[in-house]
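Student: Chains as they are written, first to last, in my numbering: chain A, 1 to 208; chain B, 1 to 208. Dropping a structure here in structure tokens format, bear with me for questions.
Protein chains: 2
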Amino acid sequence: MARAESTRTPTRIQREKTEAILAAALDIFAAEGFRGATLDQIAEAAGLSKPNLLYYFDSKEAIHQTLLERLLDTWLNPLRQIDPAGDPLKELGAYIQRKLEMSRDMPRESRLFANEILRGAPHMSPATMAALKALVDEKVAIINGWAKAGRIEALDPYHLIFSIWATTQHYADFEVQVRGILGPSEDGHHHDASAFLSRLYTRGLTPG
Amino acid sequence: MARAESTRTPTRIQREKTEAILAAALDIFAAEGFRGATLDQIAEAAGLSKPNLLYYFDSKEAIHQTLLERLLDTWLNPLRQIDPAGDPLKELGAYIQRKLEMSRDMPRESRLFANEILRGAPHMSPATMAALKALVDEKVAIINGWAKAGRIEALDPYHLIFSIWATTQHYADFEVQVRGILGPSEDGHHHDASAFLSRLYTRGLTPG
DNA sequence: GTGGTTTTTGACCGATTGGTCAAATGAACA
DNA sequence: TGTTCATTTGACCAATCGGTCAAAAACCAC
Chain A
1 MARAESTRTP
11 TRIQREKTEA
21 ILAAALDIFA
31 AEGFRGATLD
41 QIAEAAGLSK
51 PNLLYYFDSK
61 EAIHQTLLER
71 LLDTWLNPLR
81 QIDPAGDPLK
91 ELGAYIQRKL
101 EMSRDMPRES
111 RLFANEILRG
121 APHMSPATMA
131 ALKALVDEKV
141 AIINGWAKAG
151 RIEALDPYHL
161 IFSIWATTQH
171 YADFEVQVRG
181 ILGPSEDGHH
191 HDASAFLSRL
201 YTRGLTPG
Chain B
1 MARAESTRTP
11 TRIQREKTEA
21 ILAAALDIFA
31 AEGFRGATLD
41 QIAEAAGLSK
51 PNLLYYFDSK
61 EAIHQTLLER
71 LLDTWLNPLR
81 QIDPAGDPLK
91 ELGAYIQRKL
101 EMSRDMPRES
111 RLFANEILRG
121 APHMSPATMA
131 ALKALVDEKV
141 AIINGWAKAG
151 RIEALDPYHL
161 IFSIWATTQH
171 YADFEVQVRG
181 ILGPSEDGHH
191 HDASAFLSRL
201 YTRGLTPG
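Here it is in structure tokens:
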């Protein structure tokens, strides 16, 4: 019984099936939320029977938790890349671009996190939240340094980051509303949003 | 059998119990989402038995739908109040303030809508969406007028409105994350957010 | 009070849910 | 080939879900 949680090195089948399950689960969880998603749905999307799925993961929560922890790293990459040695306006502008691209290219991940946070982050470990806070604090210090040096306008960095998160993720999380108001259009929205946010934050952050 | 849906004028008890149910349902739906909320939870929170609750509303969906339609009006009031005759910067600044206050004072309503839109607005009628679009279009025209007259910077009004929605509602919808990063503090956050957004949009929208 | 209506209740139902289990099957290596 | 371990399956289960129904209780105008 070398189940997924075993410490032994996983077999080829274990790797493949585990990936298939997580891919399917991302689809379902993002679309239906944790409570709305069912194991049968996930199993079918992954091409497995329900008991077979539960051979690889102990529970519905285990799948969800694995997904959250795996994707958080990816999700925070754009923030991680902010370079204290770079030009402040360029760094922040590039950060906004990266976040916007993530919103466009990984909307399921965005919705997965949105669902989780909306419900009060019940499946997020304190350690994970602490790591998130540590990363934000680190970047806040950088931005504060830039502001103190007069290289950008002194705006509260915490709320600056929140506003960037909010505006960029909005296009993934509330896509239905955006499309409903702007009309269909395969993806002209991304370009418009990019131009808008670029101008808003450039004007907002340019010193003087 | 003068059930809630009857055309007859409602009795005192009908009015009272209907309100109690909707108040309880707002609590539960906002916290658990539509699928996560159960009729038993709502009934208990409203101080009724489940069959008694179903005497006033035909189904879980009926409660949810009633809630959505009732609250959308309130929710859109800040946008409605934008006055084409007013000073552009003052009008938009005041709009942001009103939205931020709503986020602070009505977080349950914010989360109710966030849940609904996140899942693709499955309980929102096309008519409601059309009305929303019409209101946005109307205000977009006003903002475009201001921009053409050179009274504010010419930024895409649709994305301007989206960004205001996103940034203000973020403080209600993702409150757990905000608190986790900023630390507890009963409500100092609101003041900080208000100051930040005020400066960001003033700088972003001031012409020239 | 009385009669008719509204409101409330408990007992119940079929469907779905997350999850278990023993047995059957498959893969791989000696 | 046989053996051992990994994988898969179908049958099953208890709990929970949204919802029904007939009868009891409460309400209210007369």
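The beta carbon of each residue, even a glycine, is placed where N, CA and C say it ideally should be. Being a predicted model, the structure only gives us computed values, none of them experimental.
Taking Cβ-Cβ distances below 8 Å as the criterion, which residues of the stretch 140-166 of chain A are in contact with chain B?
Tutor: If the cut-off is 8 Å between Cβ atoms, the stretch 140-166 of chain A has E153, L155, D156, Y158, H159, L160, F162, S163, W165, A166 near chain B.
Student: Measuring alpha carbon to alpha carbon, tell me which residue in A:I164, A:P207, A:T206, A:G208 is nearest A193 of chain A.
Tutor: Locating residue 193 of chain A in the first sequence gives position 193, counting from the first residue. Taking only the C-alpha atoms, the option nearest A193 of chain A is A:I164.
Student: Please state whether DSSP places S194 of chain A in a helix, a strand or coil.
Tutor: Along the first sequence, one-based indexing puts residue 194 of chain A at 194. Here S194 of chain A sits in helix by DSSP.
Student: Quick check on D156 of chain A: buried or exposed, where buried means 16 or more other Cβ atoms within 10 Å of its Cβ?
Tutor: The count along the first sequence starts at 1 and reaches residue 156 of chain A at position 156. Classification of D156 of chain A: buried, given that the 10 Å Cβ count is 16 or more.
Student: Can a CB atom of chain B be found closer than 8 Å to the CB of D173 of chain A?
Tutor: Stepping through the first sequence from its first residue, residue 173 of chain A is reached at position 173. So yes, D173 of chain A belongs to the interface.
Student: Which bits of chain B does M129 of chain A rub up against, with CB to CB less than 7 Å?
Tutor: Translated into the one-based positions of the first sequence, residue 129 of chain A becomes position 129. Under the 7 Å cutoff, chain B gives G180.
Student: Contact defined as beta carbons within less than 8 Å: I believe P107 of chain B pairs with G145 of chain B. What is the distance between those atoms, to the nearest angstrom?
Tutor: Within the second sequence, residue 107 of chain B is the residue found at index 107, counting from 1. Within the second sequence, residue 145 of chain B is the residue found at index 145, counting from 1. Rounded, the Cβ-Cβ distance is 33 Å, inconsistent with contact.
Student: Take G150 of chain B and list the residues in its own chain whose beta-carbon comes closer than 8 Å to its own, dropping the five residues that flank it on each side.
Tutor: Residue numbering aside, residue 150 of chain B sits at position 150 when the second sequence is read from its first letter. Excluding sequence neighbours, G150 of chain B sits near P207.
Student: From the beta carbon of A94 of chain A, is the nearest beta carbon of chain B less than 8 Å away?
Tutor: As a first step, residue 94 of chain A is located in the first sequence; it is residue number 94 there, counting from the start. For A94 of chain A, the answer is no, since every Cβ of chain B falls outside 8 Å of its Cβ.
Student: Less than 8 Å between the C-beta atoms of A154 of chain A and A147 of chain A, yes or no?
Tutor: Stepping through the first sequence from its first residue, residue 154 of chain A is reached at position 154. Stepping through the first sequence from its first residue, residue 147 of chain A is reached at position 147. Yes. Within cutoff.
Student: Would you tell me roughly how many angstroms separate the C-alpha atoms of H170 of chain A and A166 of chain B, rounded to the nearest one?
Tutor: In the first sequence, the residue the question calls residue 170 of chain A occupies position 170. In the second sequence, the residue the question calls residue 166 of chain B occupies position 166. Their Cα atoms are separated by approximately 6 Å.
Student: Starting from the C-beta of G33 of chain B, find all residues in its chain whose C-beta is less than 7 Å away, skip the five residues before and the five after it, and write them out in chain order.
Tutor: Looking up residue 33 of chain B in the second sequence gives position 33. Hits under 7 Å: N115.
Student: On the criterion of 16 or more Cβ atoms from any shown chain inside 10 Å, does E19 of chain A qualify as buried, or is it exposed?
Tutor: Within the first sequence, the letter at position 19 stands for residue 19 of chain A. It is exposed - the Cβ of E19 of chain A has fewer than 16 other Cβ atoms within 10 Å.
Student: Evaluate F113 of chain B with the Cβ neighbour count: other Cβ atoms within 10 Å of its Cβ, from every protein chain shown; 16 or more gives buried, anything less gives exposed.
Tutor: The count along the second sequence starts at 1 and reaches residue 113 of chain B at position 113. So F113 of chain B counts as buried.
Student: Measure from the C-beta of D192 of chain A to each C-beta in chain B and report whether the shortest distance is under 8 Å.
Tutor: In the first sequence, the residue the question calls residue 192 of chain A occupies position 192. Output row for D192 of chain A: interface = yes.
Student: In three-state terms, what does DSSP make of F174 of chain B?
Tutor: Locating residue 174 of chain B in the second sequence gives position 174, where the first residue counts as 1. Three-state result, F174 of chain B: coil.
Student: Should T11 of chain A be labelled buried (16 or more other beta-carbon atoms within 10 Å of its own) or exposed?
Tutor: The residue you call residue 11 of chain A lines up with position 11 of the first sequence. Flag for T11 of chain A reads exposed.
Student: Are there 16 or more other CB atoms within 10 angstroms of the CB of I63 of chain B, so buried, or fewer, so exposed?
Tutor: Within the second sequence, the letter at position 63 stands for residue 63 of chain B. Per the 10 Å Cβ criterion, buried.
Student: Relative to the alpha-carbon of H123 of chain B, which residue among B:A46, B:T66, B:I21, B:G47 has its alpha-carbon at the smallest distance?
Tutor: The residue given as residue 123 of chain B occupies position 123 in the second sequence. Considering only alpha carbons, the answer is B:T66.
Student: Output, in chain order, the set of chain B residues within a Cβ distance shorter than 7 Å of N115 of chain A.
Tutor: Taking the first sequence and counting its residues from 1, one reaches residue 115 of chain A at position 115. Going along chain B in sequence order, the residues near N115 of chain A (Cβ under 7 Å) are L118.
Student: Restricting to Cα atoms, I'd like to know which of B:F162, B:A121, B:A195, B:A134 is closest to E61 of chain B.
Tutor: Position 61 of the second sequence, counted from the first residue, corresponds to residue 61 of chain B. Answer by Cα proximity: B:A121.
Student: Return no unless some Cβ of chain A is closer than 8 Å to the Cβ of A121 of chain B.
Tutor: Taking the first residue of the second sequence as 1, we reach residue 121 of chain B at position 121. It does: the Cβ of A121 of chain B has a partner Cβ on chain A nearer than 8 Å.
Student: Is the Cβ-Cβ distance between G172 of chain A and S59 of chain A less than 8 Å?
Tutor: Here residue 172 of chain A is taken as the residue at index 172 of the first sequence, counted from 1. Here residue 59 of chain A is taken as the residue at index 59 of the first sequence, counted from 1. Here residue 172 of chain A turns out to be Ala, not Gly, going by the sequence shown. The answer is no: Cβ separation not under 8 Å.
Student: Kindly confirm or deny that the stretch 129-141 of chain A and the stretch 174-184 of chain B touch, where touching means at least three C-beta pairs closer than 8 Å.
Tutor: With a cut-off of 8 Å, the stretch 174-184 of chain B and the stretch 129-141 of chain A count as touching, because enough Cβ pairs lie within range.
Student: From the DSSP output, in three-state form, read off A131 of chain B for me.
Tutor: As a working mapping, residue 131 of chain B is identified with position 131 in the second sequence. The answer is helix: DSSP assigns A131 of chain B an H, G or I state.
Student: Does the beta-carbon distance from A24 of chain A to I13 of chain A come in below 8 Å?
Tutor: Position 24 of the first sequence, counted from the start, is the residue given in the question as residue 24 of chain A. Position 13 of the first sequence, counted from the start, is the residue given in the question as residue 13 of chain A. Cβ atoms of A24 of chain A and I13 of chain A: not closer than 8 Å.
Student: What would DSSP say about D156 of chain A, mapped onto helix, strand or coil?
Tutor: Counting from 1 along the first sequence, the entry for residue 156 of chain A is found at position 156. Coil at D156 of chain A, not helix or strand.
Student: Would M1 of chain B count as contacting chain A if we go by Cβ distances under 8 Å?
Tutor: Locating residue 1 of chain B in the second sequence gives position 1, where the first residue counts as 1. Summary for M1 of chain B: the model assigns pLDDT 38, below 50, so the residue's position carries little reliability, and this model does not support an answer.
Student: Any beta-carbon of chain B closer than 8 Å to the one on R203 of chain A?
Tutor: Numbered from its first residue, the first sequence carries residue 203 of chain A at position 203. Answer yes: the Cβ-Cβ gap between R203 of chain A and chain B drops below 8 Å somewhere.
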